[in-house]
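J.: Let me give you the structure first, and then I'll get to my questions.
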Amino acid sequence: MSAVTLTPRALYEEVAELLRQRIFNRELEPGSWIDELKLADEYGISRTPLREALKVLAAEGLVTMKVRRGAYVTEVSEKDLADVYHLLSLLESDAVGVVAERATAAQLSELESLHAELEAAAMPGQVDRAHFFSINERFHMRVMAIADNRWRDQMVADLRKVMKLNRHNSLLKAGRIAESLEEHRAVMAAIKARDPDAAMARMQAHFRSGLEAAN
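Counting from 923, one number per residue, gives the positions in the sequence shown under the numbering used here.
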């Protein structure tokens, strides 16, 4: 009985992840209609797990369900984006304050290693924007993990999914890589100095700049 009930769940979660990545990669553009029949045929599945997957993405804010019109990739308004960045700034600055105060030497070393990867990814003439932002996200997620509050982690994870809907705008903004790297240096310096207030302030400044670049 348990195997029968688990299989459909595993399938719709797998489909949700496939669609999630297609949305993040802009294969499914914001505002575009999601052709359920075409996708079900492409994945070789019935529409039932596909619809369950769409419900998952709708709960995450990545998909908008419209009555009698179907599912659409969510379009993020300027207000939506500002609201998301505001909440991320509050939550992640709180987390980095905890890290600055309580992180072990080993945990600080992990963050320093990630920051070194970020520096390497931003070397002049060798910048890979997608790789840079991937490491950037890993750094932020490691800060969250070290701060160790699963409720905050869940909120941040959900908010970051919505933020990714608009990520390509910030990727293309001239000079943003260098600015982001400098902001990370300031955050890392405050963490190493064991200065929670400074770490929180630097993280808030990082999100303010991120929002400006995303608009």
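Backbone N, C-alpha and C define an ideal beta-carbon position, used for all residues, glycine too.
1. Quick one: give me the first and last residue of the beta strand (DSSP E) that K988 is part of.
2. Going by DSSP, what residue range makes up the beta strand (DSSP E) through G1019?
3. DSSP three-state label for V1084, please.
4. Mapping the DSSP letters down to three states, classify V995 as helix, strand or coil.
5. Starting from Q1048, trace the alpha helix (DSSP H) in both directions and tell me its first and last residue.
6. With distances taken Cα to Cα, identify the nearest neighbour of P1046 among R1098, L1009 and K1001.
7. Ordered along the chain, which non-local residues of its own chain (more than five positions away) have a Cβ less than 8 Å from that of E1059?
8. When the Cβ atoms of the segment 967 to 978 are set against those of the segment 1010 to 1022, are three or more pairs found closer than 8 Å?
9. Between which two residues does the alpha helix (DSSP H) harbouring E1206 extend?
10. Whose C-alpha, out of L1003, D1080, E936 and A981, is nearest the C-alpha of G1132?
11. Given that a residue counts as buried once 16 or more other Cβ atoms are within 10 Å of its Cβ, and exposed if not, what is R942?
12. With the cut-off set at 8 Å, would you say I1113 and V1018 are in Cβ contact?
13. In whole angstroms, what separates the C-alpha of L984 from that of D1050?
T.: According to the structure shown:
1. V985 to K988
2. First-last for G1019: E1000 to R1024, but that is the alpha helix (DSSP H), not the beta strand (DSSP E).
3. helix
4. strand
5. Unbroken run through Q1048: none, as it is neither H nor E.
6. R1098
7. R1082
8. no
9. Look at the range of the chain in this structure, 923 to 1137, and you will see that residue 1206 is not part of it.
10. L1003
11. buried
12. yes
13. 26 Å
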